[in-house]
Structures are given as structure tokens and as C-alpha cells.
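Q: Read top to bottom, the protein sequences are chains A and E. Take 1 as the starting number for the first sequence in full-length UniProt numbering and just add one per residue. Take 1 as the starting number for the second sequence in full-length UniProt numbering and just add one per residue.
There are 2 protein chains.
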Amino acid sequence: MAITGKADPGRVIGFLPLYRQVKERLVRRIADGEWQAGRAIPSEMQIAAELGVSQGTVRKALDEMTAERLLIRRQGVGTFVASHDEDRILFQFFKLGRDDGRRVFPDSSVLSVGEQPSDATEAARLGIRRGTRVVRIHRLRSLGGAIAVSERIVVPSARFAGLAACDPVPNNLYGLYAERYGVTVARASESLKAVACPPDDAAHLGLAPGSPVLAIDRLALDLDGQKVEWRVSLCRTDQFHYTSDLK
Amino acid sequence: MAITGKADPGRVIGFLPLYRQVKERLVRRIADGEWQAGRAIPSEMQIAAELGVSQGTVRKALDEMTAERLLIRRQGVGTFVASHDEDRILFQFFKLGRDDGRRVFPDSSVLSVGEQPSDATEAARLGIRRGTRVVRIHRLRSLGGAIAVSERIVVPSARFAGLAACDPVPNNLYGLYAERYGVTVARASESLKAVACPPDDAAHLGLAPGSPVLAIDRLALDLDGQKVEWRVSLCRTDQFHYTSDLK
DNA sequence: TAGTGGTCTAGACCACGAA
DNA sequence: TCGTGGTCTAGACCACTAT
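Structure (C-alpha cells):
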């Protein structure tokens, strides 16, 4: 047993409850690719025996990881590492929907892909040095056949070798990041503004230049909180809307 | 003891785990005003003894209620009913912030308050019959001195008797709903669009008519999921932005 | 039927805050 | 010092799924 069992009274600084120590170890197994997306992890009893803690302690760690959508539990079957399948993307990472309420997965058509040195803005957003190479993707996304979004994506080349040469670039990028590069997008932070649509995007979206569009600026983070991807999406909101639940 | 102890095997339909039954009872005590906002509730042991269940079962109910922000736990002190103080509003219900990152509580200046029969749109959004009387409030909100939002609020008069005569209308409306009317806003659903600003709102916001503004359409629900309030906020986003965390 | 996660209990000890 | 919530354990039984 490598984890200190009961909290030793001498340690005051850096104390972590046992179940948090267990959780950190298990998260690391996902981050390191030891446990892969979509696969079952060992049973609670097996993990408890391996780490020398009680089942209840393992359960509390798994409960938190489930709440953070890192795991999916299926009664009678087992516990699985969450994958970026379309359902998860749709409910966790794609907030734009049709006004008629139908939720559909967006289609994509790629306009350009390339690898270049990062400019100052990209470097600042991604926390890298200016000039560090990045992959840039520009694509249109449609909902139910109607073009809705003009989207520009930037990722550091270092973590995504060969992405620029990928043909075709898949629709579900987060799934690709996980499967091909072992990078798990765990959460993202979005900043929204209403802006006047620039002429070239307006042409792609079928709008008059200057029309109001919703600009979504998103920074995606991995399991360690490292910045993985920056994307800016310009969205038509005449037939679509962005949903945000406050709770 | 009124709660059925162990799950009786005969019941298949409508089965609820014991801790969920406990939770429903405790939520009801808040909804009924038996436990008031900001006040301490009995200790876990007291609740467990009263309901004839173990402390662990009560704890699981309280854990869920804490996760839903209905309760606030303070180690060594007790468990308290969450109140709509400025901190909670700021983090849970107010997503607009300054671009410089400073988070401040918005000021309000009321333009008009009145009670009238509801129109078709209001009735549909609030789930009431058209013509049922509602209170309408129109106010401007500013962040750090700069006017940022033109906001129109509609609530059914039935649940908020005398609200239209309230002078002044307080800045923190959800706090008023709770204290004066016993109505707890538990969660809200927002729908966002970028729109061209109408002339009268543009004048209030200091914008040219037709400028892009963020339109936030919010429906607020109480503890029972009943529709409490509908509000539409038109927001300048030249110096401000709406934050949405996906996780 | 076997194995998984889900629920419930009981009791121990710890950390924290107030008096 | 006392009472609170926080952590950890151990064991029992239930519900669900696959075989």
C-alpha cells in the first residue's frame, strides 16, 4: 500500500483526505492513458484491495469523478471512462440549438487547415510563447442542414503532431484528441459577446455584413488544467440560440 | 416514523431510495417556509433521530441538497438554508462581467413598474392564462458605473401581491421574493441570442440603434419547478461579456 | 447464477468553530 | 470543552445486467 492509511496527525500542511488521494491517483491513470476512454475500470472492490482502503473510500472518489463526468457508472455492469461521443458533446460541449427545440449534432465542412507560427493573441490565449507553431482550422458548422457557425480553432502543434495533415479533419475533434493524441478535454470556459459580423464570415453564413452574431470564445482544458485548444465561433442566432442553465 | 424504513420488496412502481424520501421531506420544509433562508437547520443526528433513519442516510440527502445549492454546510458550526445574498447571485445567477475581469454586483435604476393583464407571450412563457395579471418591471443595470443592461421582468401578480407598489424596488429581487413572498428561486434557464438593439433600449444603453446586443431570455423556477419569473435582458457586450463554464 | 454498482446501517475518530 | 460536520471503515442487503 503506497497511500498513507489514516491521516497521520503530524502532517498539517498539504493534508488531503484519503478519498481525494485515491481520486488523484485514478484521474492520473486516465490522464496517462492507462485507463482508456470507453473502457471499463476495475470494480470498486478490486481498486479498494489494490490500494489498501475500504470500498466506501473508493466509492467516494468514484462518485466525485462521476459528478465531473470523467466516469460513467452502469449498475450491474461496471464503471467506464467517459468518452467524447456525440451524446456527451451534445449535452456538455455544444450549447447551440435550434429555436424549434430539436437538438441535433452539428455537421462540419472544413474551409482550411494549416500549421503556422502563433501570433501574439493565440500565444496569450494558449499560454505558449509567440511564434510557437500552431495548427489552425477554419470550418463551417450546420444544424439540420442550415449553416449556423463559422468556427476558427487553434491548437499547439506540439501536442497534436500531424493534425494539420489529417484528411479529412473529423467532425468530432475532441474524440480525435482523445483517441489519437491521448488528450482528454475535461472542461472548457466560454466568453460570449454580441458582435457585428465581419464581411468574410457574413458571406459564409449567408448574412449581410454587420449583422449581429453571437461570438463564442472558448478555451478548452485537459485533466491537468492545461490549455489544450482555443476556438472562436461566430453563430447565427436568427434561427438558433445558446442555452445556459443556471443551477 | 412516517418514512418506510427498508425498501419493501412488494413495491416496484414509484420506489424511491430512503435518502431521496428524506431529501424530498427536507426540501418541502424549505419550500413551505418551515426552514427559512439563512437559518440553521437541525444537526444531522437530530434529523436522523426524528425521521428514524441513520445519520448516513440523512447525510446523503443533505449532500445532494448542498450540491444543488439549497444548503450551505459549515464545519464545526452547522448546516444552513442558502439565501440569495449578493455572493450567491453573483456566482450563480449573474453571468455578465467586465472584460477586465473584475466581478462586481450590478446596480439598478428602475424606469417603470406596473401591474397589467398579461399578453399572449408573457402568458405562454409563465404558463398562465392570457389576461392573468402580471407585474412588469423595466430597469437599467450598471457594472462599475457604466450602464450595461436594459432589463424587463415579468412575474404573476398572484404570487407577488403588492410588488408593483413596492418603492423602491430592491436591487436584489430574488432576495425579496424569498423574504417577503416565501418564493425560492432554485434555478433558471437562459436562452441567448445576438440581436440588433431596438431604438428605445439603444437610447438607454447609449448605443446607436441597431447595434449588436446580447439578448438573454431567462425563465426562473422555484423549488417545485414552477415558473416564477420571466426576464429579458439586453446587454452591451463592448466592454462586458457573458461567462459560461462547461463541465 | 454470478458479479456489479446502489443503498443503508453502525460506529469510530478527526478537524473545526464557538463558548 | 463541547457539538458540529468530515472522513473512514465494515458489513449487510438490494437492484440490475450478462450469461
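We put the CB at the ideal spot given by N, CA and C, even for glycine. Predicted, not measured: the structure shown is a model, and the values here were computed from it.
Drop a sphere of 10 angstroms on the beta-carbon of residue 13/A, count the other beta-carbons inside from all chains shown, and report buried for 16 or more, exposed for fewer.
A: Because the pLDDT at residue 13/A is just 38, under 50, the model does not fix this residue reliably, and the value given afterwards should be weighed accordingly. That one is exposed.
Q: Assuming residue 95/E contacts residue 237/E (C-beta within less than 8 Å), just tell me the rounded distance between them.
A: About 12 Å; that fails the 8 Å criterion.
Q: I'd like to know if residue 66/A contacts chain E, where contact means its C-beta is closer than 8 Å to some C-beta of that chain.
A: Judged by the 8 Å Cβ criterion, residue 66/A is not in contact with chain E.
Q: Could you please give me the residues that DSSP links to residue 156/E through a beta bridge?
A: Bridge partners of residue 156/E: 134/E.
Q: Counting beta carbon pairs with one atom in the region 21-38 of chain A and one in the region 140-147 of chain A, are three or more of them shorter than 8 Å?
A: Touching, no, given that fewer than three Cβ pairs across the two stretches are closer than 8 Å.
Q: By DSSP, does residue 241/A sit in helix, in strand, or in coil?
A: DSSP places residue 241/A in strand when its eight states are reduced to three.
Q: Does the beta-carbon distance from residue 142/A to residue 107/A come in below 8 Å?
A: Yes, they are a contact pair.
Q: To the nearest angstrom, how far is the alpha carbon of residue 102/A from that of residue 77/E?
A: Approximately 47 Å, taken between the alpha carbons.
Q: In three-state DSSP terms, what is residue 80/E?
A: DSSP places residue 80/E in strand when its eight states are reduced to three.
Q: With DSSP collapsed to three states, give me the class of residue 47/A.
A: Here residue 47/A sits in helix by DSSP.
Q: What residues from chain A crowd round residue 223/E, counting only those whose CB sits closer than 9 Å?
A: None at all; the shortest Cβ gap to chain A is about 12 Å.
Q: Identify the contact partners of residue 187/E in chain A, using a Cβ-Cβ distance below 9 Å as the criterion.
A: In chain order: 245, 246 and 247.
Q: Bridge partners for residue 193/A per DSSP, in chain order?
A: In the DSSP output, where bridge partners are listed per residue, residue 193/A has 215/A.
Q: Going along chain E, which residues have a C-beta under 9 Å from residue 17/A?
A: Those within 9 Å of residue 17/A in chain E number zero; the least Cβ separation is about 12 Å.
Q: Mind checking the region 188-218 of chain E against chain A and listing, in chain order, the residues whose C-beta falls within less than 9 Å of any C-beta there?
A: The region 188-218 of chain E vs chain A, Cβ under 9 Å: 188, 189, 190, 191, 192, 193, 194, 195, 196, 197, 210, 211, 212, 213, 214, 215, 216, 217 and 218.
Q: Quick one: does residue 184/E have its CB under 8 Å from some CB of chain A?
A: It does not; no Cβ of chain A falls within 8 Å.
Q: Can you tell me whether residue 175/E is helix, strand or coil according to DSSP?
A: DSSP places residue 175/E in helix when its eight states are reduced to three.
Q: In the DSSP output, which residue or residues are listed as bridge partners for residue 235/E?
A: For residue 235/E, which the question treats as bridged, DSSP gives the partners 149/E and 214/E.
Q: Quick one: what's got a C-beta closer than 8 Å to residue 48/A's C-beta in the same chain, skipping five residues either side?
A: The residues are 54, 55, 57 and 58.
Q: By how many angstroms is the C-alpha of residue 139/E removed from the C-alpha of residue 233/E?
A: About 10 Å.
Q: Taking all protein chains shown into account, decide if residue 109/E is buried (16 or more other Cβ within 10 angstroms of its Cβ) or exposed.
A: Classification for residue 109/E: exposed.
Q: What are the boundary residues of the beta strand (DSSP E) that includes residue 117/A?
A: Counting along the chain, the beta strand (DSSP E) containing residue 117/A begins and ends at 107-117.
Q: Using alpha carbons as the reference points, say which of 157/A, 196/A and 191/A lies closest to residue 209/A.
A: Cα-wise, what sits closest to residue 209/A is 196/A.
Q: Nearest by alpha-carbon distance to residue 153/E: which of 178/E, 24/E, 129/E and 112/E is it?
A: Minimum Cα distance to residue 153/E is reached at 112/E.
Q: Along the region 91-113 of chain A, what residues have a CB closer than 8 Å to any CB found in chain E?
A: Those would be 92, 93 and 95, in chain order.
Q: Would you identify the three-state DSSP class for residue 161/E, choosing helix, strand or coil?
A: In the structure shown, residue 161/E sits in coil (DSSP, three-state: anything other than H, G, I, E or B).
Q: Can you confirm whether residue 241/E, when its beta carbon is compared against all beta carbons of chain A, has any partner nearer than 8 Å?
A: For residue 241/E, the answer is yes, since a Cβ of chain A falls inside 8 Å of its Cβ.
Q: Where do the N-terminal and C-terminal ends of the beta strand (DSSP E) with residue 128/A fall, by residue?
A: Looking at the DSSP string, residue 128/A is not in any beta strand (DSSP E), and its letter there is neither H nor E.
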